[in-house]
Amino acid sequence: MKKFMDLRGTCCPYNWVKVKLELEEVDNGDQLEVLLDDGEPIRNVPRSVTQEGHALLKVTPEGEHFRLLIEKRGEK
Amino acid sequence: MADIRFSEEQIRRYSRHILLQGVGGKGQRKLLGASVLLVGTGGLGSPAALYLAAAGVGKLGLVDFDVVDLSNLQRQVLHHTHDIGRLKVESATTAIHDINPDVQVVPHTVRLSSENALNLVAGYDIVLDGSDNFPTRYLVNDACVFKSKPNIHGSILLFHGMATTFLPGKGCYRCLYPVPPPPGTVPSCQEAGVLGVLPGIIGIIQATETIKLILGIGEVLSERLVFYDALTMEFKEVKYKRNPRCPVCGEEPSITRLIDYEEFCGLR
């Protein structure tokens, strides 16, 4: 199952807070696709994702923003 | 509770909790679903209530029959100058809602007694003892033992204070002090004075313990007493164990119902 979150326009740290809340809800191995702004968001969110032990499968630049593919790992 | 989505406002309000590893949305939901009975909204209860409210503890019961007095304002930070003469539970409710309207406040405008203590304690997950007198302290203790509720204890005098967390089955106030001191041997804050910031430190230790207990993180002050001296800024820790001969939580308890100590202590 893959969920999608458009977090363009959501600033730090609330973009990561929302991703974190979503990751708490899904099962290990589930994927989450996230659209993020350039700048602070793309610098911070991927780092938080990996720091909490989740897998960052793909980061794709799309013009002014980035598409992240995250896989939930760790405790549920 | 687990299925309830956070509102945008809650995501913002609680973001610094949600960000914490070991807390997260799950922990914040535990806080929102928890209930705490604060006995006393004075020096200890004030800072504790403010932080528990800010943290988003869902339900706070307040036990206090007193009204706000000018002499309270030196330390009882829930209450303000314009509250003088108001019931403390009323001014406390206003202050709590000003900080966090998410919190349900249940005012209990009563003096804790053998008549009401068990029912009051039974309605909450955790009891935070911010009382300022021995009769109430022993009632809180015994009611928590009888109802198997965690009792987050704090007490203060002059320049020093202490705090501990009595978990059910892990000792109680009577394990340390089996009976109240004889009337007149221990002065009250009213007689001896108290440094205004002191209850801030101890009350916030109590709030911290409460929050850790709700979240199930860290190590609470169970079987440990922390003593704090404001003058030397020293914390000392003393370990204790449940006393098997404790009159209320021991193997063969001699106390099996609540006692009103008023007349013995000569405090009132």
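Note that the protein sequences, when read in sequence, are chains B and W.
Under this note's numbering, think of the first position of the first sequence as 257, with each following residue one higher.
Under this note's numbering, think of the first position of the second sequence as 431, with each following residue one higher.
We put the CB at the ideal spot given by N, CA and C, even for glycine.
Counting along the chain, the unbroken alpha helix (DSSP H) around Pro629/W starts and ends at Leu628 to Leu645.
Ile514/W sits away from Val536/W, with the two beta carbons spaced by 8 Å or more. Remark: three or more beta-carbon pairs, one from each stretch, lie closer than 8 Å, so the segment 277-297 of chain B and the segment 318-325 of chain B are flagged as touching. By the Cβ criterion, the segment 637-654 of chain W is in contact with the segment 669-689 of chain W, since at least three pairs of Cβ atoms, one from each stretch, lie closer than 8 Å. A straight-line Cα-Cα distance of about 20 Å links Val466/W and Arg443/W. Listed along chain W, the residues sitting closer than 7 Å to Val273/B by beta-carbon distance are Ile441, Ser445, Ile448 and Leu449. Here the alpha carbons of Thr566/W and Phe576/W stand approximately 15 Å from one another. Assigned with DSSP and collapsed to three states, Val609/W falls in coil, not helix or strand. Residue environment: Tyr603/W is assigned as buried (16 or more neighbouring CB atoms within 10 Å of its CB, all protein chains considered).
The continuous stretches of beta strand (DSSP E) do not include Pro269/B, and DSSP gives it neither H nor E. Between the segment 479-495 of chain W and the segment 595-613 of chain W there are fewer than three inter-stretch CB-CB distances shorter than 8 Å, so the stretches are not counted as touching. The CB of Lys456/W comes closer than 8 Å to the CB of Glu280 in chain B, given here in chain order. Between Val551/W and Asp262/B, the alpha-carbon positions lie close to 46 Å from each other. Closer than 8 Å to the CB of Lys276/B there is at least one CB belonging to chain W.
Between Leu645/W and Ala622/W, the C-beta gap is not smaller than 8 Å, which leaves the two residues out of contact. In the DSSP annotation of this structure, the continuous segment of the beta strand (DSSP E) that includes Glu318/B starts and ends at Ala311 to Glu318.
Considering only His590/W, Phe589/W, Gly591/W and Val570/W, the residue with the shortest C-alpha distance to Asn581/W is Val570/W.
When 9 Å is used as the limit between beta carbons, Glu296/B is near no residue of chain W, the shortest such separation being about 15 Å. DSSP places Pro683/W outside both helix and strand once states are collapsed to three, so it counts as coil. One thing to note: Phe589/W has its Cβ within 8 Å of the Cβ of Leu628/W. Taking the Cα positions, Ala525/W is about 7 Å away from His509/W. Within chain W, Gln451 have C-beta atoms less than 8 Å from the C-beta of Glu308/B, given in sequence order. Residue contact check for Phe657/W against chain B: no CB pair falls below 8 Å. Judged by DSSP in its simplified three-state form, Phe436/W adopts coil rather than helix or strand. Beta-bridge pairing by DSSP links Ala484/W to no other residue. By the rule that beta-carbons nearer than 8 Å mark a contact, Pro269/B touches chain W.
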